[in-house]
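Student: The listed protein sequences correspond, in order, to chains L, H, F and C.
Sequential numbering from 3 applies to the first sequence in our numbering.
Sequential numbering from 3 applies to the second sequence in our numbering.
Sequential numbering from 3 applies to the third sequence in our numbering.
Sequential numbering from 3 applies to the fourth sequence in our numbering.
Number of protein chains: 4
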Amino acid sequence: MNKVTNFTKRQKDIIDVSIKIIAKNGIQHLTIKNISKSLGISEPAIYRHFESKLDILLAILLDFKIKMQNSIDHIQALGKTSVEQIEVMFFSHFREFVNNPALAAVIFSEEIFQNDKRLARQVKSIMKLSQDFITSLIQEGQQTHMVRDDIPHEQLSLIILGALRLIVTRWRLSDTAFDLEKEGHNLWKSIKKLIYPVNSNIL
Amino acid sequence: MNKVTNFTKRQKDIIDVSIKIIAKNGIQHLTIKNISKSLGISEPAIYRHFESKLDILLAILLDFKIKMQNSIDHIQALGKTSVEQIEVMFFSHFREFVNNPALAAVIFSEEIFQNDKRLARQVKSIMKLSQDFITSLIQEGQQTHMVRDDIPHEQLSLIILGALRLIVTRWRLSDTAFDLEKEGHNLWKSIKKLIYPVNSNIL
Amino acid sequence: MNKVTNFTKRQKDIIDVSIKIIAKNGIQHLTIKNISKSLGISEPAIYRHFESKLDILLAILLDFKIKMQNSIDHIQALGKTSVEQIEVMFFSHFREFVNNPALAAVIFSEEIFQNDKRLARQVKSIMKLSQDFITSLIQEGQQTHMVRDDIPHEQLSLIILGALRLIVTRWRLSDTAFDLEKEGHNLWKSIKKLIYPVNSNIL
Amino acid sequence: MNKVTNFTKRQKDIIDVSIKIIAKNGIQHLTIKNISKSLGISEPAIYRHFESKLDILLAILLDFKIKMQNSIDHIQALGKTSVEQIEVMFFSHFREFVNNPALAAVIFSEEIFQNDKRLARQVKSIMKLSQDFITSLIQEGQQTHMVRDDIPHEQLSLIILGALRLIVTRWRLSDTAFDLEKEGHNLWKSIKKLIYPVNSNIL
DNA sequence: AATGAATGAGATTTCATTCAT
DNA sequence: TATGAATGAAATCTCATTCAT
Numbered sequence: 003m004n005k006v007t008n009f010t011k012r013q014k015d016i017i018d019v020s021i022k023i024i025a026k027n028g029i030q031h032l033t034i035k036n037i038s039k040s041l042g043i044s045e046p047a048i049y050r051h052f053e054s055k056l057d058i059l060l061a062i063l064l065d066f067k068i069k070m071q072n073s074i075d076h077i078q079a080l081g082k083t084s085v086e087q088i089e090v091m092f093f094s095h096f097r098e099f100v101n102n103p104a105l106a107a108v109i110f111s112e113e114i115f116q117n118d119k120r121l122a123r124q125v126k127s128i129m130k131l132s133q134d135f136i137t138s139l140i141q142e143g144q145q146t147h148m149v150r151d152d153i154p155h156e157q158l159s160l161i162i163l164g165a166l167r168l169i170v171t172r173w174r175l176s177d178t179a180f181d182l183e184k185e186g187h188n189l190w191k192s193i194k195k196l197i198y199p200v201n202s203n204i205l
Numbered sequence: 003m004n005k006v007t008n009f010t011k012r013q014k015d016i017i018d019v020s021i022k023i024i025a026k027n028g029i030q031h032l033t034i035k036n037i038s039k040s041l042g043i044s045e046p047a048i049y050r051h052f053e054s055k056l057d058i059l060l061a062i063l064l065d066f067k068i069k070m071q072n073s074i075d076h077i078q079a080l081g082k083t084s085v086e087q088i089e090v091m092f093f094s095h096f097r098e099f100v101n102n103p104a105l106a107a108v109i110f111s112e113e114i115f116q117n118d119k120r121l122a123r124q125v126k127s128i129m130k131l132s133q134d135f136i137t138s139l140i141q142e143g144q145q146t147h148m149v150r151d152d153i154p155h156e157q158l159s160l161i162i163l164g165a166l167r168l169i170v171t172r173w174r175l176s177d178t179a180f181d182l183e184k185e186g187h188n189l190w191k192s193i194k195k196l197i198y199p200v201n202s203n204i205l
Numbered sequence: 003m004n005k006v007t008n009f010t011k012r013q014k015d016i017i018d019v020s021i022k023i024i025a026k027n028g029i030q031h032l033t034i035k036n037i038s039k040s041l042g043i044s045e046p047a048i049y050r051h052f053e054s055k056l057d058i059l060l061a062i063l064l065d066f067k068i069k070m071q072n073s074i075d076h077i078q079a080l081g082k083t084s085v086e087q088i089e090v091m092f093f094s095h096f097r098e099f100v101n102n103p104a105l106a107a108v109i110f111s112e113e114i115f116q117n118d119k120r121l122a123r124q125v126k127s128i129m130k131l132s133q134d135f136i137t138s139l140i141q142e143g144q145q146t147h148m149v150r151d152d153i154p155h156e157q158l159s160l161i162i163l164g165a166l167r168l169i170v171t172r173w174r175l176s177d178t179a180f181d182l183e184k185e186g187h188n189l190w191k192s193i194k195k196l197i198y199p200v201n202s203n204i205l
Numbered sequence: 003m004n005k006v007t008n009f010t011k012r013q014k015d016i017i018d019v020s021i022k023i024i025a026k027n028g029i030q031h032l033t034i035k036n037i038s039k040s041l042g043i044s045e046p047a048i049y050r051h052f053e054s055k056l057d058i059l060l061a062i063l064l065d066f067k068i069k070m071q072n073s074i075d076h077i078q079a080l081g082k083t084s085v086e087q088i089e090v091m092f093f094s095h096f097r098e099f100v101n102n103p104a105l106a107a108v109i110f111s112e113e114i115f116q117n118d119k120r121l122a123r124q125v126k127s128i129m130k131l132s133q134d135f136i137t138s139l140i141q142e143g144q145q146t147h148m149v150r151d152d153i154p155h156e157q158l159s160l161i162i163l164g165a166l167r168l169i170v171t172r173w174r175l176s177d178t179a180f181d182l183e184k185e186g187h188n189l190w191k192s193i194k195k196l197i198y199p200v201n202s203n204i205l
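Here it is in structure tokens:
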């Protein structure tokens with residue numbers, strides 16, 4: 003059912019180590035030499051698997067995009083309420099980042115990919131994916147009176163995603179010094195309070 | 003009263019074009035050659051003003067840090083309530099970014115500066131500056147019952163700053179396609195609603 | 003009767019596409035990768051048919067040399083006068099180049115093959131072949147008083163071959179923009195006039 | 003009076019050694035490494051003087067083109083008859099090639115420059131220069147009855163230039179084994195005979 | 001204060017070729 | 001007969017930086 007990338011095993015290896023290199027030392031250290039060294043093969047060998055370095059970066063983004071789309075499809079299929087779906091998305095993001103901290107470093111760093119039009123386009127479409135998903139869930143929540151409707155859905159969505167991004171960024175810049183999943187759960191509890199319909203808070 | 007940088011005119015020029023280069027083409031295009039070309043001088047001339055490229059990056063951060071500190075000092079001196087102070091900070095940020103979009107591209111891109119410990123430390127201290135400022139204002143707001151106190155102040159601060167960051171990021175990735183000041187004002191109105199003490203919403 | 007090359011079908015394919023690649027993009031684009039891509043096979047597959055790239059270049063030259071030798075043998079067997087034989091050689095060259103323009107690009111480009119002694123030797127022997135053939139025909143023509151003998155046969159031969167080469171070169175550099183066979187015929191008419199015995203020399 | 007190239011001393015050095023490298027080992031040995039080694043400087047140093055390797059090749063052609071134009075201008079200013087002018091051009095070419103054999107290897111090797119459109123265009127314009135010059139001289143010679151007019155001037159010009167090119171090519175492929183100036187003079191004597199007006203044509 | 005010339009290190013990429021399958 | 005994976009060598013070019021002037 004899931005969309006599947008056509009990446010070969012070696013291509014996946016390259017994508018993985020590339021993400022790790024970027025996360026650890028920054029995009030400027032993502033060199034063919036460093037990739038090949040990490041994999042224990044020669045530099046030209048990389049070019050058997052990707053035509054150019056740009057293609058590696060595009061593959062990182064494409065891989066993430068497909069994963070995210072699958073995650074969204076999965077969540078939508080769970081038969082949960084809109085607010086519960088946001089919760090699932092929140093928590094699954096946190097879990098993924100804890101398991102693969104390097105991904106967090108790369109995926110919220112749109113700037114990394116700004117130096118090429120094709121990369122920038124892909125980054126934008128990834129951002130749009132999560133944005134549209136959350137926005138439509140909020141809208142649905144407002145229609146079912148599970149989310150306060152005195153604030154435009156786009157802004158609620160922006161606030162939620164902004165908080166998600168910033169907590170992940172802080173976690174990463176702190177060198178994963180705090181428990182992201184725990185803090186993330188607390189953050190979600192607060193967000194839930196914030197977005198609940200106003201009168202219900204009285205109860 | 004303000005802290006003042008000791009940067010010479012030429013140093014300021016270099017800082018400015020460096021920010022512009024990063025904003026336009028990414029950190030990888032920030033080369034001595036590109037800086038000197040933008041300024042119409044030779045490459046060695048740059049070294050009259052900065053000892054190394056790292057020093058230029060540090061200067062960018064230091065310059066921003068001092069500006070931000072001055073801005074905070076200024077806001078605190080206005081004699082406003084804590085919520086009003088957050089509002090002023092919000093709006094002055096937006097105005098600054100509209101006047102200097104390149105700055106927005108650089109200043110929320112912590113990843114750019116991750117490949118060196120000195121840079122990373124500076125980035126963290128800048129983040130801490132705004133975080134501490136907002137957090138203390140929220141805390142004060144809670145004590146004066148102008149801000150709801152059923153949500154920890156750190157989380158409210160995180161949500162506010164996260165929203166601020168994300169709207170600026172979107173504005174930048176959209177190539178400044180929407181009116182950041184207008185959308186920012188609307189966002190702030192929504193945030194104000196969210197953080198107001200719960201019962202007061204009934205009125 | 004003809005000498006026959008022992009080249010297999012695949013080897014001939016390789017020779018052909020190699021000539022085309024050189025003609026179209028220059029010797030620097032003649033790479034194993036480009037050859038194999040043109041043939042739709044893998045790079046190592048080339049090495050089933052030729053031991054090395056040098057061997058491919060040698061094969062191109064050898065193939066042409068044998069063709070030329072066969073052509074010379076054929077012309078000599080026609081039982082024509084010496085001037086008629088030159089004419090036949092002229093015209094058959096033009097026809098061959100029109101049918102296979104790539105060949106023209108390669109065969110008058112001795113420089114292409116200068117970077118290896120074995121190649122250079124082969125090139126020289128090919129040049130000698132046509133030179134000797136024409137020279138001996140001119141000499142024979144002079145002995146039978148069909149060609150003026152007030153000019154050394156080597157020089158007449160050089161002038162004839164030089165004209166042949168240059169018109170082909172111009173045709174090729176013009177991207178075959180003119181009708182080589184027609185212009186070639188006109189050129190031959192003029193050359194015939196030039197080399198006919200002249201009475202005026204008696205004066 | 004002469005057109006002058008704006009090449010710096012270093013640029014001229016680079017052009018010179020490049021021609022020598024091509025002449026000696028072929029275009030494929032013209033590498034930045036070989037150029038820099040010949041000059042005793044580092045590879046990056048080359049890029050102070052030319053933006054790219056292509057620019058070096060273009061400079062070689064431009065340099066030759068200007069020299070040739072100056073040579074043509076000079077010859078035309080001598081106040082000689084058209085046939086004498088061709089003679090001067092012939093001999094000065096031979097002298098130049100004897101003094102700088104490498105130039106001969108490069109300048110009649112149009113194929114070397116075929117892999118780039120800008121190079122190919124420049125090559126064509128150089129060929130046109132000499133072609134037009136000779137053709138107009140022949141035409142003038144025919145009008146003044148110093149050159150036979152029973153053969154179209156374009157063809158006489160082609161025959162003359164073809165002979166010039168081929169003798170130079172042979173001299174080069176023989177590793178300058180014969181005396182080009184002496185053989186060239188003999189060739190010219192023969193050509194002069196060939197192109198003189200013929201009484202026999204009257205018949 | 002500025003520059004022209006230079007360089008060691010290293011970037012991406014291509015080359016001909018090999019080898020296990 | 002063919003290929004996927006790999007490689008050492010080398011190509012072009014860029015980088016931050018230095019130094020004499």
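Glycine is no exception: its CB is placed at the ideal position from the N, C-alpha and C atoms.
May I ask you to list, following chain order, the residues of the segment 110–124 of chain H that have a beta carbon less than 9 Å from some beta carbon of chain L?
Tutor: 110, 111, 112, 113, 114, 115, 116, 117, 118 and 122
Student: Excluding the 5 residues preceding and the 5 following residue 32 of chain C in the sequence, name in chain order all residues of the same chain whose CB lies nearer than 7 Å to its CB.
Tutor: Against the fourth sequence, residue 32 of chain C aligns to sequence position 30. Its chain contains 20, 23 and 24 as the residues whose beta carbon lies nearer than 7 Å to that of residue 32 of chain C, once the 5 sequence neighbours on both sides are disregarded; these appear in chain order.
Student: Quick check: is the beta carbon of residue 202 of chain L nearer than 8 Å to any beta carbon in chain H?
Tutor: Indexing the first sequence from 1 puts residue 202 of chain L at position 200. Note on residue 202 of chain L: pLDDT 49, under 50, position unreliable in the model; no value is reported.
Student: Note the first and the last residue of the continuous alpha helix (DSSP H) segment covering residue 61 of chain L.
Tutor: If you number the first sequence from 1, residue 61 of chain L lands on position 59. Per DSSP, residue 61 of chain L belongs to the alpha helix (DSSP H) from 55–78.
Student: When you compare each of L:156, L:89, L:145 and L:147 to residue 191 of chain L by their alpha carbons, which one comes out closest?
Tutor: Counted from its first residue, the first sequence places residue 191 of chain L at position 189. Nearest C-alpha to residue 191 of chain L: L:89.
Student: Comparing the C-beta of residue 95 of chain C with each C-beta of chain F, is any distance below 8 Å?
Tutor: Mapped onto the fourth sequence, residue 95 of chain C falls at position 93. No, because no Cβ of chain F sits closer than 8 Å to the Cβ of residue 95 of chain C.
Student: The alpha helix (DSSP H) with residue 40 of chain L in it runs from where to where?
Tutor: Here residue 40 of chain L refers to the residue found at position 38 when the first sequence is read from its first residue. Counting along the chain, the alpha helix (DSSP H) containing residue 40 of chain L begins and ends at 34–41.
Student: Would DSSP call residue 203 of chain F helix, strand or coil?
Tutor: Looking up residue 203 of chain F in the third sequence gives position 201. Annotation note: pLDDT 45 at residue 203 of chain F (below 50); position unreliable, coordinate value reported separately. Looking at residue 203 of chain F - three-state DSSP - the assignment turns out to be helix.
Student: Rounding to the nearest angstrom, what Cα-Cα distance links residue 36 of chain L and residue 16 of chain L in this structure?
Tutor: In the first sequence, residue 36 of chain L corresponds to position 34, counting from 1. In the first sequence, residue 16 of chain L corresponds to position 14, counting from 1. Roughly 11 Å between the two C-alpha positions.
Student: Within its chain, find whatever has a CB closer than 7 Å to the CB of residue 55 of chain F; leave out the 5 residues flanking it on each side and keep chain order.
Tutor: Numbered from its first residue, the third sequence carries residue 55 of chain F at position 53. Correct list, in chain order: 34.
Student: I believe residue 167 of chain L touches residue 110 of chain L by the beta-carbon criterion, under 8 Å. Please report the beta-carbon distance rounded to the nearest angstrom.
Tutor: Working through the first sequence from its first residue, we reach residue 167 of chain L at position 165. Working through the first sequence from its first residue, we reach residue 110 of chain L at position 108. Right, their Cβ atoms sit about 5 Å apart.
Student: So which residues of chain H does residue 31 of chain L contact, with C-beta pairs closer than 7 Å?
Tutor: In the first sequence, the residue the question calls residue 31 of chain L occupies position 29. Neighbours of residue 31 of chain L on chain H, chain order: 117.
Student: Buried or exposed for residue 145 of chain H, going by 16 or more other Cβ atoms inside 10 Å?
Tutor: By 1-based counting over the second sequence, the position of residue 145 of chain H is 143. By the neighbour-count rule (16 or more Cβ atoms within 10 Å), residue 145 of chain H is not buried but exposed.
Student: Along the chain, where does the alpha helix (DSSP H) containing residue 82 of chain H start, and where does it finish?
Tutor: Locating residue 82 of chain H in the second sequence gives position 80, counting from the first residue. Note, residue 82 of chain H: premise wrong, no alpha helix (DSSP H); not H, not E.
Student: In three-state terms, what does DSSP make of residue 196 of chain C?
Tutor: Taking the first residue of the fourth sequence as position 1, residue 196 of chain C is located at position 194. If DSSP states are grouped into helix, strand and coil, residue 196 of chain C belongs with the helices.
Student: If you run the structure through DSSP and keep just helix, strand and coil, what is residue 175 of chain F?
Tutor: In the third sequence, residue 175 of chain F corresponds to position 173, counting from 1. The answer is helix: DSSP assigns residue 175 of chain F an H, G or I state.
Student: Please confirm if residue 171 of chain L has its CB atom under 8 Å from at least one CB of chain H.
Tutor: Residue 171 of chain L sits at position 169 when you count from the first residue of the first sequence. Judged by the 8 Å Cβ criterion, residue 171 of chain L is in contact with chain H.
Student: In angstroms, rounded to a whole number, what distance separates the CA positions of residue 189 of chain F and residue 160 of chain F?
Tutor: Residue 189 of chain F sits at position 187 when you count from the first residue of the third sequence. Residue 160 of chain F sits at position 158 when you count from the first residue of the third sequence. Rounded to the nearest angstrom, the two C-alpha atoms are 15 Å apart.
Student: Interface residues of chain H around residue 91 of chain L at Cβ under 7 Å?
Tutor: Within the first sequence, the letter at position 89 stands for residue 91 of chain L. Going along chain H, no residue has its Cβ under 7 Å from residue 91 of chain L, so there is no contact; the nearest lies around 16 Å.
Student: Report yes or no: is there a C-beta of chain L within less than 8 Å of the C-beta of residue 152 of chain H?
Tutor: The sequence position of residue 152 of chain H within the second sequence is 150, counting from 1. It does: the Cβ of residue 152 of chain H has a partner Cβ on chain L nearer than 8 Å.
Student: Here's the rule I'm using: 16 or more other beta-carbon atoms within 10 Å means buried, otherwise exposed. How should residue 46 of chain F be labelled?
Tutor: Mapped onto the third sequence, residue 46 of chain F falls at position 44. Using a 10 angstroms sphere on the CB of residue 46 of chain F, the tally of other CB atoms stays under 16, which defines it as exposed.
Student: Would you say residue 205 of chain L reaches chain H, if we count a Cβ-Cβ gap shorter than 8 Å as a contact?
Tutor: If you number the first sequence from 1, residue 205 of chain L lands on position 203. Here the model assigns residue 205 of chain L a pLDDT of 42, short of 50, so the residue's position is not dependable, and the following value carries that caveat. Cβ-Cβ to chain H under 8 Å: no for residue 205 of chain L.
Student: Going by alpha carbons, who is nearest to residue 95 of chain L out of L:117, L:106 and L:57?
Tutor: Here residue 95 of chain L refers to the residue found at position 93 when the first sequence is read from its first residue. Out of L:117, L:106 and L:57, L:106 has the C-alpha closest to the C-alpha of residue 95 of chain L.
Student: How about residue 27 of chain L: is its C-beta nearer than 8 Å to some C-beta of chain H?
Tutor: Against the first sequence, residue 27 of chain L aligns to sequence position 25. So, interface residue.
Student: Assign residue 137 of chain H to one of two classes, buried (16 or more other C-beta atoms within 10 Å of its C-beta) or exposed (fewer than that).
Tutor: The residue labelled residue 137 of chain H in the question sits at position 135 within the second sequence. It is buried - the Cβ of residue 137 of chain H has at least 16 other Cβ atoms within 10 Å.
Student: Using CA coordinates, which residue listed in H:198, H:64 and H:29 is at the minimum distance from residue 127 of chain H?
Tutor: The residue labelled residue 127 of chain H in the question sits at position 125 within the second sequence. With distances taken between Cα atoms, residue 127 of chain H lies closest to H:64.
Student: Using a 10 Å radius around the Cβ and a threshold of 16 neighbouring Cβ atoms, would you call residue 158 of chain L buried or exposed?
Tutor: Reading the first sequence from its first residue, position 156 is the one you call residue 158 of chain L. It counts as buried.
Student: Determine, for residue 129 of chain H, whether the minimum Cβ-Cβ distance to residues of chain L falls below 8 Å.
Tutor: Indexing the second sequence from 1 puts residue 129 of chain H at position 127. Taking Cβ atoms only, chain L reaches closer than 8 Å to residue 129 of chain H, which makes this a yes.
Student: With 16 other CB atoms within 10 Å as the buried threshold, where does residue 92 of chain C fall?
Tutor: As a first step, residue 92 of chain C must be located in the fourth sequence, where it is residue number 90. Its Cβ being crowded by 16 or more others within 10 Å, residue 92 of chain C is buried.
Student: By how many angstroms is the C-alpha of residue 13 of chain H removed from the C-alpha of residue 129 of chain C?
Tutor: Residue 129 of chain C sits at position 127 when you count from the first residue of the fourth sequence. Residue 13 of chain H sits at position 11 when you count from the first residue of the second sequence. Cα to Cα, the separation comes out at about 54 Å.
Student: Hey, is residue 47 of chain C's beta-carbon within less than 8 Å of any beta-carbon in chain F?
Tutor: In the fourth sequence, the residue the question calls residue 47 of chain C occupies position 45. So, not an interface residue.
Student: Could you give the distance in angstroms between the alpha-carbon of residue 73 of chain L and the alpha-carbon of residue 131 of chain L?
Tutor: The residue you call residue 73 of chain L lines up with position 71 of the first sequence. The residue you call residue 131 of chain L lines up with position 129 of the first sequence. Rounded to whole angstroms, residue 73 of chain L to residue 131 of chain L spans 11 Å at the Cα level.
Student: DSSP three-state call for residue 46 of chain F: helix, strand or coil?
Tutor: On the third sequence, position 44 is the one that residue 46 of chain F refers to. In this structure, residue 46 of chain F counts as helix in the three-state DSSP scheme.
Student: Report back the beta-carbon spacing between residue 155 of chain F and residue 133 of chain F to the nearest angstrom; my notes put them in contact at under 8 Å.
Tutor: Within the third sequence, numbered from 1, the residue matching residue 155 of chain F stands at position 153. Within the third sequence, numbered from 1, the residue matching residue 133 of chain F stands at position 131. That pair is no contact at about 11 Å.
Student: Would the beta-carbon of residue 78 of chain F fall within 8 Å of that of residue 87 of chain F?
Tutor: As a position in the third sequence, residue 78 of chain F is number 76, starting the count at 1. As a position in the third sequence, residue 87 of chain F is number 85, starting the count at 1. Yes.
Student: Between residue 60 of chain F and residue 116 of chain F, which are expected to be in contact by the criterion C-beta below 8 Å, what is the C-beta distance as a whole number of angstroms?
Tutor: For the purposes of this step, residue 60 of chain F is taken as residue 58 along the third sequence, with counting starting at 1. For the purposes of this step, residue 116 of chain F is taken as residue 114 along the third sequence, with counting starting at 1. Not quite, the Cβ-Cβ distance comes to about 14 Å (not below 8 Å), so this is no contact.
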